[in-house]
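Participant:
In the UniProt record's numbering, the protein residues as written are 1 to 271.
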């Protein structure tokens, strides 16, 4: 049975109910008003204003350069185009790592200036105090373990994380810590499917996977990847549902040809 129609507005409580009823949670990244309208109308449960905007919107190599002000701008755009979905906003690199007071200040800015519903931040033990402080201020927090792109220079690659027993055990323990700190959900990125299943079965809060197998309570993909706008990124976990990387240039070429040949605009398209 699907519970989608029962949720006129998705909340963090909705996600908990969905986990309890074994209803999978759908999440996509989103960065602007027009796409938010389309994704929200299509029934996506959660829209993540991801710091991946640094890559797919601004053309940076990593997620590190995007600023808090820029994340707030993107989130404002997405919120204005959303009626049903839960909007979650990434805290960008540098806006929470130094201490819990700065983390709280960053989270408050996002909530006050965007109208978003929750924030997400990366890390385990090192961010627990920040999570407690943010949650204590009434702001919902989603955690993120496994491959954490803001730490890419520390990892040295985008390889699968927690394949070894010690790192897997650490992830299991940190997942429990994040839940105890008050996280309403947890993203797990590029970890073995068996480990993700173990975490999902252990936690009371919903898990969202990306490259973490199908046992998670939900899945997230970067919109530009699943729509085939970003054609260079081809990880194993990605399923492309459209190939806009080919369709858009075809449409533009047809438009250019029609303008050059004076076929556009024709008499019916003129006043």
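Idealized CB from N, CA, C, for every residue including glycine. Predicted model only: the values in this text are computed from it and were never measured.
Give the DSSP bridge partners of residue 118, in chain order.
Facilitator: Answer is 88, bridged to residue 118.
Participant: With 16 other CB atoms within 10 Å as the buried threshold, where does residue 125 fall?
Facilitator: Its Cβ having fewer than 16 others within 10 Å, residue 125 is exposed.
Participant: Spell out a yes or no on whether the stretch 24 to 42 and the stretch 70 to 81 are touching, meaning 3 or more CB-CB pairs, one atom from each, closer than 8 Å.
Facilitator: Output reads yes: the stretch 70 to 81 touches the stretch 24 to 42.
Participant: Alpha carbon to alpha carbon, what distance is there between residue 249 and residue 264?
Facilitator: Approximately 18 Å between the Cα atoms of the pair.
Participant: Hey, residue 186 and residue 162: beta-carbon distance below 7 Å or not?
Facilitator: Against a cut-off of 7 Å, the Cβ pair of residue 162 and residue 186 comes out as no contact.
Participant: According to the neighbour-count rule (16 or more other Cβ atoms, all chains shown, within 10 Å of its Cβ), is residue 137 buried or exposed?
Facilitator: Exposed, by the Cβ-count rule.
Participant: Going straight from the alpha carbon of residue 114 to that of residue 259, what length do you get?
Facilitator: The alpha-carbon atoms of residue 114 and residue 259 are separated by roughly 40 Å.
Participant: Could you tell me which of 239, 251, 119 and 18 sits nearest to residue 51, measuring between CA atoms?
Facilitator: Comparing Cα-Cα distances from residue 51 to each of 239, 251, 119 and 18, the minimum goes to 119.
Participant: On the three-state DSSP scale, how would you describe residue 108?
Facilitator: Reduced to three states, the DSSP call for residue 108 is helix.
Participant: So, are the CB atoms of residue 105 and residue 68 less than 7 Å apart?
Facilitator: No.
Participant: Using 8 Å as the Cβ pair cut-off and three pairs as the minimum, do the stretch 236 to 247 and the stretch 208 to 227 touch?
Facilitator: Touching, per the Cβ criterion.
Participant: Just list the alpha helix (DSSP H) runs in the stretch 59 to 84, keeping only unbroken ones of 4 residues or longer that don't cross its boundaries, in chain order.
Facilitator: Correct list: 68 to 80.
Participant: How is residue 47 classed by DSSP in three states: helix, strand or coil?
Facilitator: Correct three-state label for residue 47: strand.
Participant: By the 10 Å Cβ neighbour count, where 16 or more other Cβ atoms means buried, how is residue 190 classified, buried or exposed?
Facilitator: Looking at its Cβ environment, which holds 16 or more other Cβ atoms inside 10 Å, residue 190 is buried.
Participant: In angstroms, rounded to a whole number, what distance separates the CA positions of residue 173 and residue 180?
Facilitator: Cα to Cα, residue 173 sits roughly 11 Å from residue 180.
Participant: Can you name the start and end residues of the beta strand (DSSP E) that residue 143 belongs to?
Facilitator: 141 to 146 is the span of the beta strand (DSSP E), which, as asked, contains residue 143.
Participant: Measure the Cβ-Cβ separation of residue 19 and residue 84 and say whether it is below 7 Å.
Facilitator: For residue 19 and residue 84, no; Cβs fall outside 7 Å.
Participant: Assign residue 134 to one of three DSSP states: helix, strand, or coil.
Facilitator: It is helical.
Participant: Grab me the residues of residue 65's own chain with a C-beta within less than 6 Å of its C-beta, minus the 5 sequence neighbours each way, in chain order.
Facilitator: Only 54 meet the Cβ criterion.
Participant: Could you please give me the residues that DSSP links to residue 113 through a beta bridge?
Facilitator: Its beta-bridge partners do not exist; DSSP assigns none.
Participant: Taking the beta strand (DSSP E) that residue 27 falls in, what are its first and last residues?
Facilitator: That run of the beta strand (DSSP E) goes 25 to 29.
Participant: For residue 135, which residues of its own chain have a beta-carbon under 8 Å away from its beta-carbon, when the five flanking residues on both sides are left out?
Facilitator: Counting only Cβ-Cβ distances below 8 Å, and skipping sequence neighbours, we find 141, 181, 182 and 183.
Participant: Are the CB atoms of residue 88 and residue 217 nearer to each other than 7 Å?
Facilitator: Cβ distance not < 7 Å, so residue 88 and residue 217 don't count as in contact.
Participant: May I ask which residues mark the beginning and end of the beta strand (DSSP E) holding residue 189?
Facilitator: Start and end: 185 to 189.
Participant: Pop quiz: residue 86 and residue 46 are said to be a contact at Cβ under 8 Å. What is the actual Cβ separation, rounded to whole angstroms?
Facilitator: Residue 86 to residue 46, Cβ: 5 Å. Contact.
Participant: For residue 206 and residue 27, what's the separation of their Cα atoms in angstroms?
Facilitator: Taking the straight line joining both Cα atoms gives about 12 Å.
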